[in-house]
Amino acid sequence: MSQFPDLAELQGNILHGYRRAVVRHLMLEVVDRAAAQRFLAASIAGDSSDVPAITRGTILEKLPDVCFNLGLTYEGLRAFGTPATHLASFPTEFVEGMARRAAKLGDFGASAPENWPSPFDRPERVHVVATLYADKTASLDRATEQVENFAVGSHSAFAVAGVRDGRNLDGNKVIFGYRDSISQPSIRNDDIPDKERDPPGTVLLGYPTRSEGIVFRVPTPPVLGRNGTFSVFRVLAQDAFGFEDYLDRAADELIANHDVDRLLAPGAERRIGSGLTQHGALREIVAAQMCGRWRDGTPYAVSPDWPLSGSTELGMEESDGTPPRSWDLRNDFDYGPTSRCPVGSHMRRVNPRGGLIVQRIANHTRRLVRRGMTYGPDFDPAIRDDEERGLLGLFIGANLGAQFEAVMCDWLNLGLHHPDITGSNDPLIGANQPETSWFDLTARDGGAIRLRGFPRFVTTRGGAYTFLPSLPALGYLSKLP
């Protein structure tokens, strides 16, 4: 048996990002199984002018104008006629769905499912999450029209339950101002032996994983489960004003407590940012330590005193926006025992790398492929508004419980992987409350400075657990009686 899949059988957004400017997620409800199956068959064939073609994992010199992929919820698989015996082979997390797993994900209070807007307030209606990627909104509109014509026209295959649009911000940044999408799992290919990669089982069902070669359970029949994976779609509102306000308060507190010299190297203000005052530099240090990277993407572990913006040594991208010649320092680093990157930072929680953790074998076993774009208007800290803005994220992995939920529950919201942070939550995306939240900054002298009182900056606004079937699996679903 080959230890690497046929890329033509995979949906394209699993192993490779499309680097497109805009995205649209369509939440579809199957209302006519036979018509929906005809839609699947046409999208697989890719030769219809009426249906977007599924984008495969095959590496192409030129991508289509619109890249198109499909994720099916448990209710969606059932709507396509999947037999009960086969549905029973799927993992509990997927069967229950995101809303029923809220406690594991920290989705309570404002993030609780009862506060999610339509269509996520009725998760039983979300059968398919169809994702369209393009460089121009007009291209998305044309592909959306194809889907909607099939949905509400003579075919009446689907009801469009909801739509969410996103876009890439300049510099691949998120609303909080950090550069994103830097670190991703790199899946091992036997044809590329000179680069360390994660095994295919990290993101594909039917292949070995880092967990002592364990192969995660593959749903049956094999044609349905093998070469598929699971994708978590999350709509995450980001309170950018609240975050910037907290940075102001933290800087004020550090100055009042005479902690400036313990954090700020002499003359570092100008290296941290042009024209920054002492207060402004402290704000950026707090932001960098909470994330584990400076806002330009420089790892705090690599350069704890200031960011390395534009440094060729760091491997920043070229002036024309193309990838740099070397990404070594921005992605190929580790957390040693003397690292000044806080163990409670967001980056160290989601990816401990080689740093010491309690569950030593778990260091590299919970990697997730991330695809995300921003939604909502641009953020200007000088212009207050009440607009919702945030992230539309896809988190892809072969095991929802052992990867996504383990990261969310054990690492982000409980800190169980290191005794120094146990009982604390991720400072950026954790389920924090001002009365109980805390985060330890690392000082230049090796000590720690504890911050308290920050609120929750990210609120869940809906989502779904979906299964990304292989192309043969989609073909199987299209032919079920």
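In the working numbering, the protein residues as written are -4 to 476. All residues carry an ideal CB built from backbone N, CA and C; glycine is no exception.
Listed as beta-bridge partners of Val124 by DSSP are Met22, Gly66.
Taking every protein chain shown into account, the CB of Asn64 has 16 or more other CB atoms within 10 angstroms, so this residue is buried. In the displayed model, Lys99 falls within a helix according to three-state DSSP.
The beta carbon of Glu239 lies closer than 6 Å to those of Pro376 in the same chain, with the five residues before and after it left out.
With 16 or more neighbouring CB atoms inside 10 Å of its own CB, Leu72 falls in the buried class.
Here Gly388 is not near Leu164, since their CB atoms are 8 Å or more apart. Asp256 carries a helical assignment under DSSP once its states are collapsed to helix, strand and coil. Comparing C-alpha distances from Val364 to each of Ile378, Ile209, Val402 shows the shortest one belongs to Val402. Per DSSP, reduced to three states, the secondary structure at Leu271 is coil, with no helix or strand assignment. Ala105: not part of any alpha helix (DSSP H); DSSP gives it neither H nor E.
The alpha carbon of Tyr13 has as its nearest neighbour, out of Thr431, Ser226, Ala129, the alpha carbon of Ala129. The beta carbons of Ile39 and Ile391 sit no closer together than 8 Å.
Taking C-beta separations shorter than 7 Å and ignoring five residues to either side along the sequence, the partners of Ser151 in its chain run Val26, Asp27, Ala30, following chain order.
In the DSSP assignment, Thr87 is bridged to no other residue. Minimum Cα-Cα distance from Arg137 among the listed residues Leu407, Ser44, Phe434 corresponds to Ser44.
The closest CA to that of Pro294, considering only Arg266, Ser334, Glu264, is found on Ser334. Taking the Cα positions, Thr80 is about 29 Å away from Gly7. Of the residues assessed, Asn408 falls on the buried side of the cut-off, its CB having 16 or more other CB atoms within 10 angstroms.
Trp406 is positioned such that its CB atom lies no closer than 8 Å to that of Ser419. In this structure Phe399 is buried. Its beta-carbon is surrounded by 16 or more other beta-carbon atoms within 10 angstroms. Take the alpha-carbon of Thr431 and the one of Gly448: they are about 7 Å apart.
Leaving aside the five residues that flank Ala3 on each side, the residues in its chain whose CB is nearer than 6 Å to its CB run, in chain order, Arg51, Thr53.
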